[in-house]
Structures are given as structure tokens and as C-alpha cells.
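Chemist: One structure, pasted below without further comment.
Residue numbers (my numbering), protein chains in the order written: chain D, 3 to 210; chain X, 383 to 764.
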């Protein structure tokens, strides 16, 4: 079974034999893939009981947990090499706190999110005068789980404010292709952004 | 009686007894010179002895976990919903062993057994048994059956505490531990309920300081009260409301103290039928085993340290409406396992049945058990 394209990109960022925590791990496909291809170990966190069952079926270690309740219940500081949050940041209640916690329990964080600054979204607000509805953001404002949408600029500003150092960024369209235009005007042309980052204020006594 | 025994039942089963003559040193400092364990098995042990799973019972359970003792039986064993051909603990693949724990009253050596030193029942002189003692005796049972390593040790409630203890005491004695609706130790509230149950039994005039066998009586009222109290803690508020509400047996108030509400009738029935099948001294022992269970105590109250050497994979399950051992208690177990980077999955199953949920068929619960047991089976090569 093919891996979801954004997970494919993320998996390329993960060093072999590292320890990974996957927040909102879904059916465990990423962890399963990383384990098989890179001997990566770790855990998935998931709230949806159907998905938890899928993880158990896939023999992925999964912990039922609500990301809005934080990670401190389960994990000590510096337990993981990577903490991954794919396409979920915009749906959590306390994104800033979660970013803090990701970098508390892990050395590096990886997030992906739909770029609210994409030109189609901007056009819908500017000309249509309504909240954008798109392939990436299929819900109406009143029933969307996406309560903390942001643009690339917003995310990068927050990182700068918090002393988070961005190590890698990839921007892609819905089909997870990239293009020259996206590289030149990422905040306008990309649909999904992926970031790998670490806490710049934390001493880097380990690896790098 | 069952009209016909269902196709997915293990069928008619016969308990077996094993006598152990090597003395068993107990946590309390005393020694049992010899003892018997009663057990049942379902399925076949495979050639390389890799497919055995051990079922540990809870407070009032016993060795009869599945199937029927005779075609006249009204009910199958206590975990028949999970044990049988095609069920989560699939007897076509696994060799399932279920025993009555030491101190029990269903055939294994306990307070009702005759003390060889006196020729009379042990009664209150039977030593206090701990979860660790049980696990020690279960290890010997496994050895006697040719099982060097269980594919899984499985239990709910007090049974889950045994599977947790197994993983600590015999790290290579099992490959997986299923810890269901359990807790790493009792809370003050848990102990308080147990103490009220014990007081109910001990204050019954027929208790005779535990020597009631000699007086040919049983502390019926006390044991019944203890069971009624226990039963309240096994059910959730929602389950009781759904089952009984405020329904009246006679349809109207009687302005007296007889049984009026359905819930009263139910509790009395549960209490009365329990008295017929259970021994009061055993009940006291079981509640003590619960109260004393605290494996972290020897490790500066650090549960993660207690579980450091465990090698098993763990499935930890809790039920949302369980207020006896609520999910937060299972999360403590999961957290301690995570601290050690052990293989663990943890899930909270939505249920309105309270603590009893671990015994009640529930599609999601059974699907999780089934999925996890697939992994256990694959590793066992069955």
C-alpha cells in the first residue's frame, strides 16, 4: 500500500533507528512504514477508537490520548528524536502549547498543515467574501475541525517569536508536487507546508 | 440448561487438580508445605509449547472460565464470551489455562481446605496470599504443564494485576501481558470499600472469628452485604439507571422496609446467590490481596522502576465508565511502560457498564483483543 504523499516526504526526514512519536497517528501507516524501512521505533498517539484498532492490527504501538490534554501525562522530556504532527496542528485547541510540548518530549518536531495563505483561499475571502472551502479545507466555518488555520508566514513568525529554529521546509500542492513558483512564492502558491524544526533555546549537547 | 451447546463453545470441560509438594514460601513469611491447584485447559498445547496462554481470575472468579461442566449447566464459564473456537482467545490456536488461585474456594487449597497439621479446615489460619504469591504458584503450574514461556498472560481487574506482576517477576516467562481494567495499586477509596465488605463479614454473628465451619454455619448476612456493596462498585450509575431506574416491584410504594425498588431486589438476589457459591474467608483473603498489591512499593514507589526489567509486550485496556479502576489508573500503568520504552498499546473502551465491562461482550473491546491476539499468535507461530 502506498504511503500518503505527505507522510512519504516526512519519512525522508527521519534518520534510521531513531525514536519517533507520531501525534494523531491515524492507522499507524507512517510508523509501520518507518519501522519496516528504517528500523524506527516509537509510539503513535490517537484518539479515534477505530483508528486505534487499525494500529493494533498493524502491530503499531498506539496510545489513546487527546492531544488537547497535552503530552505530559505520558512522556518525559527528551524521550524522542522526532515528534511528528501531520495535518493536525490546525485542528488542536492549543497549537502553541503543543509545539512547546513537542519540543519538550522530542529533540526535533515535524509538522505539516494546509496553508491558509494559498491564493485560492485568499481569493475566496477577498472576492467571495466568505471563509474558504477547498480540497484541503473541505468544511464550512460552522462545522470545521480546523480551528487554528495559519499561513506559512504565521507559522514562521510564531517560530521566530518562540526561538524555534526551522531546519527544513518543503511546500507542495494538493498532489504533493512542488514547483519553481511554489519555491519563489511559497505563501501564495503552496497548499501544504511541511516543517522540521528544533528548539533554538535548548542546548544541543546531543547529536548535532 | 442450554438447549444445545453453541458451536463456538469449548463444550464440556472437566477441571483437573495438580498437587504440589515443594513448599511455597509466601510474602507473609509463612510457608505452604504442599498445596493443590485446580485448573481447566481449553485447546491443545502445540509441539514447541509456544501457544499457551494463562487466564488469571479476579476477586470472585475461578478456574471455570469457559465451556460447561455438564449439559445441565445454566451458564458457561465466566469468560466464555472471549474463550472458544473463533473467539478472541481462540482455542483452535491457543492452549488456554485457567486456574483457581490459592486461597480460593473452588477446589484449590484455601481456607476451606483441611490443614494437614490439624486435620481441620484452615479457616482464618490460612495465610494471607498476595498477588506475587499467586504468580509464583502459577509459575509452578506452568512448569508442571510444560509451559516455559506463556504466549500471553491475561487478566481483568485483580487478574490484570497478576499479569502485570508476571511481567515484573518472570520477565522471560511470558511474551505478552494483557492488563485489563486494572490499577497499579488500590486507592484509599478502593481500600475503604474493601474494609466495609470485610467488616460486614466479620461482624456477622455467624462468623465465629472465621471458624464458622466448626459451627456448621456460614456468615450469610455478612457475605451477602459484602457482595451487594461490591456489586455497586462494579456497575456504573448509568448502567444501574438503564437496568433498574426507580422501577418498583409492586408498581407502587409500600411505605415499609421490604424490597420495593428493582435495584434492591437485584442486589439481594446477587448477594444471596453469591453466598451459595463463595466462602467468606476466601472473600476476606481476596480483598486483602487487592489491598496489598503495590508492586512499586519496593522501588521507592516508582512504578516505572518496578517495570524496568519487563520484556513482555503490553496491551493495557480501560473502560470509560469504570469508576472502581478508572482509565486514569490504567494510564499510570501505560505511562510507566512508556517510561521504559516497552512495547505497549493503551486504549479506553467506551462502555456504560462500569468495572464489569471487562466481562461483558462489546464489539470494540473484542475487536481489540482479537487484533492483539493475532500478533500474539503470529509470534507463537500458530
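All C-beta atoms, glycine included, are put in the ideal place defined by N, C-alpha and C.
Comparing C-alpha positions only, which one of 446/X, 389/X, 724/X and 648/X sits nearest to residue 659/X?
Modeler: Mapped onto the second chain, residue 659/X falls at position 277. Ranking 446/X, 389/X, 724/X and 648/X by Cα distance to residue 659/X puts 446/X first.
Chemist: Please name the residue or residues paired with residue 108/D in a DSSP beta bridge.
Modeler: Position 106 of the first chain holds residue 108/D. Paired residue(s): 82/D.
Chemist: I need the straight-line Cα distance from residue 557/X to residue 537/X, nearest angstrom please.
Modeler: In the second chain, residue 557/X corresponds to position 175, counting from 1. In the second chain, residue 537/X corresponds to position 155, counting from 1. Each residue's alpha carbon lies about 14 Å from the other.
Chemist: Taking the C-alpha atoms as reference points, what is the distance between residue 103/D and residue 132/D?
Modeler: Taking the first residue of the first chain as position 1, residue 103/D is located at position 101. Taking the first residue of the first chain as position 1, residue 132/D is located at position 130. So the alpha carbons of these two residues sit roughly 34 Å apart.
Chemist: Does DSSP classify residue 429/X as helix, strand or coil?
Modeler: Along the second chain, one-based indexing puts residue 429/X at 47. Three-state DSSP puts residue 429/X in coil, outside helix and strand.
Chemist: If you follow the beta strand (DSSP E) that residue 656/X is part of, which residue opens it and which one closes it?
Modeler: Counting from 1 along the second chain, the entry for residue 656/X is found at position 274. Where residue 656/X is concerned, there is no enclosing beta strand (DSSP E), although the alpha helix (DSSP H) it sits in stretches over 644-659.
Chemist: By alpha-carbon positions, which one of 433/X, 429/X and 733/X ends up nearest to residue 775/X?
Modeler: The requested residue 775/X does not occur in the structure, where chain X is confined to residues 383 to 764.
Chemist: Return the chain-ordered list of same chain residues with a C-beta closer than 6 Å to the C-beta of residue 89/D, the five sequence neighbours on each side being excluded.
Modeler: Start at 1 with the first residue of the first chain, and residue 89/D comes out as number 87. Once the five neighbours on either side are set aside, the close Cβ partners of residue 89/D are 114.
Chemist: Looking at the structure shown, is residue 482/X part of a helix, part of a strand, or coil, going by DSSP?
Modeler: Position 100 of the second chain holds residue 482/X. Coil, per DSSP.
Chemist: Listed from N- to C-terminal order along the chain, which residues in the segment 720-736 of chain X have their beta-carbon within a distance smaller than 8 Å of any beta-carbon of chain D?
Modeler: If the cut-off is 8 Å between Cβ atoms, the segment 720-736 of chain X has 720, 721, 723, 725, 726, 727, 728, 729, 730, 731 and 732 near chain D.
Chemist: Of all Cβ atoms in chain X, is any one closer than 8 Å to the Cβ of residue 35/D?
Modeler: Within the first chain, numbered from 1, the residue matching residue 35/D stands at position 33. Chain X, which has no Cβ nearer than 8 Å to the Cβ of residue 35/D, makes this no.
Chemist: Since residue 161/D is in the alpha helix (DSSP H), which residue starts that stretch and which ends it?
Modeler: Your numbering for residue 161/D matches position 159 in the first chain. Residue 161/D -> alpha helix (DSSP H) spans 154-164.
Chemist: In its own chain, which residues sit with a C-beta less than 6 Å from the C-beta of residue 399/X, not counting the 5 before and 5 after it?
Modeler: Looking up residue 399/X in the second chain gives position 17. Only 418 and 420 meet the Cβ criterion.
Chemist: Which residue from 539/X, 605/X, 467/X and 394/X puts its Cα closest to that of residue 454/X?
Modeler: For the purposes of this step, residue 454/X is taken as residue 72 along the second chain, with counting starting at 1. Cα-wise, what sits closest to residue 454/X is 394/X.
Chemist: Just the Cα atoms here: how many angstroms apart are residue 541/X and residue 456/X?
Modeler: Here residue 541/X corresponds to residue number 159 of the second chain, with the count starting at 1. Here residue 456/X corresponds to residue number 74 of the second chain, with the count starting at 1. Taking the straight line from one Cα to the other gives about 25 Å.
Chemist: Determine the burial state of residue 426/X: buried for a count of at least 16 other Cβ atoms within 10 Å of its Cβ, exposed for fewer.
Modeler: Along the second chain, read from residue 1 onward, the residue named residue 426/X stands at position 44. Exposed: under 16 other Cβ atoms inside 10 Å.
Chemist: For the segment 595-610 of chain X against the segment 506-515 of chain X, are there 3 or more C-beta pairs whose distance is under 8 Å?
Modeler: Touching, no, given that fewer than three Cβ pairs across the two stretches are closer than 8 Å.
Chemist: Check whether the Cβ atoms of residue 712/X and residue 700/X lie closer than 8 Å to each other.
Modeler: Numbered from 1 along the second chain, position 330 holds the residue referred to as residue 712/X. Numbered from 1 along the second chain, position 318 holds the residue referred to as residue 700/X. In contact: residue 712/X and residue 700/X (Cβ atoms closer than 8 Å).
Chemist: Assign residue 63/D to one of three DSSP states: helix, strand, or coil.
Modeler: Taking the first chain and counting its residues from 1, one reaches residue 63/D at position 61. In the structure shown, residue 63/D sits in coil (DSSP, three-state: anything other than H, G, I, E or B).
Chemist: Short of 8 Å in beta carbon distance, which residues of its chain neighbour residue 13/D, apart from the five on each side in sequence? Order them along the chain.
Modeler: As a first step, residue 13/D is located in the first chain; it is residue number 11 there, counting from the start. Excluding positions up to five away in sequence, the list reads 5, 32, 35, 36, 39 and 40.
Chemist: Is it buried or exposed for residue 685/X, if we count other Cβ within 10 angstroms and need 16 for buried?
Modeler: As a position in the second chain, residue 685/X is number 303, starting the count at 1. Answer is buried; the Cβ neighbour count reaches 16.
Chemist: Pick helix, strand or coil for residue 672/X, following the three-state DSSP scheme.
Modeler: Indexing the second chain from 1 puts residue 672/X at position 290. Residue 672/X falls in the helix class under three-state DSSP.
Chemist: Should residue 758/X and residue 534/X be called a contact, given that it needs their Cβ atoms to be closer than 8 Å?
Modeler: Residue numbering aside, residue 758/X sits at position 376 when the second chain is read from its first letter. Residue numbering aside, residue 534/X sits at position 152 when the second chain is read from its first letter. Yes.
Chemist: Taking only beta-carbon atoms, is residue 64/D less than 8 Å away from chain X?
Modeler: Counting from 1 along the first chain, the entry for residue 64/D is found at position 62. Yes, residue 64/D lies at the interface with chain X (some Cβ there is under 8 Å from its Cβ).
Chemist: Considering only C-alpha positions, which residue in the set 388/X, 448/X and 501/X is nearest to residue 596/X?
Modeler: Position 214 of the second chain, counting from 1, holds the residue named residue 596/X. The residue with the shortest Cα to Cα distance from residue 596/X is 501/X.
Chemist: Could you confirm whether any beta carbon from chain X is found closer than 8 Å to the beta carbon of residue 54/D?
Modeler: The residue you call residue 54/D lines up with position 52 of the first chain. Residue 54/D counts as touching chain X.
Chemist: Using the beta-carbon of each residue, which ones in chain X are nearer than 7 Å to residue 41/D?
Modeler: Counting from one through the first chain, the residue named residue 41/D turns up at place 39. Correct list: empty, because the minimum Cβ distance to chain X is about 14 Å.
Chemist: Determine the closest residue to residue 554/X out of 689/X, 741/X and 749/X, with distance taken between C-alpha atoms.
Modeler: As a working mapping, residue 554/X is identified with position 172 in the second chain. Among 689/X, 741/X and 749/X, the Cα nearest to that of residue 554/X is on 689/X.
Chemist: What residue range is occupied by the uninterrupted alpha helix (DSSP H) comprising residue 202/D?
Modeler: Numbered from 1 along the first chain, position 200 holds the residue referred to as residue 202/D. Careful: residue 202/D lies outside any alpha helix (DSSP H) and carries neither H nor E.
Chemist: CB-CB under 6 Å to residue 697/X, same chain, minus the five flanking residues each way: which ones, in chain order?
Modeler: Indexing the second chain from 1 puts residue 697/X at position 315. So the qualifying residues of the chain are 560, 727 and 754.
Chemist: Does the segment 45-54 of chain D come within contact of the segment 20-30 of chain D, defined as at least 3 CB pairs closer than 8 Å?
Modeler: Because the criterion of three Cβ pairs below 8 Å is met, the segment 45-54 of chain D and the segment 20-30 of chain D touch.
Chemist: With DSSP as the reference, identify every bridge partner of residue 422/X, one or two as the case may be.
Modeler: As a working note, residue 422/X is residue 40 in the second chain. Its beta-bridge partners are 480/X.
Chemist: Report the rounded CA-to-CA distance for residue 546/X versus residue 439/X, giving the unit in angstroms.
Modeler: For the purposes of this step, residue 546/X is taken as the residue at position 164 of the second chain. For the purposes of this step, residue 439/X is taken as the residue at position 57 of the second chain. If I take the Cα positions, the gap works out to 13 Å.
Chemist: At a Cβ threshold of 8 Å, is residue 421/X touching chain D?
Modeler: Taking the first residue of the second chain as 1, we reach residue 421/X at position 39. Judged by the 8 Å Cβ criterion, residue 421/X is not in contact with chain D.
Chemist: Counting contacts by CB-CB distance shorter than 8 Å, is residue 45/D in contact with chain X?
Modeler: For the purposes of this step, residue 45/D is taken as the residue at position 43 of the first chain. It does; some Cβ of chain X falls within 8 Å.
Chemist: For residue 39/D, which three-state DSSP category applies?
Modeler: One-based indexing of the first chain puts residue 39/D at position 37. Residue 39/D falls in the helix class under three-state DSSP.
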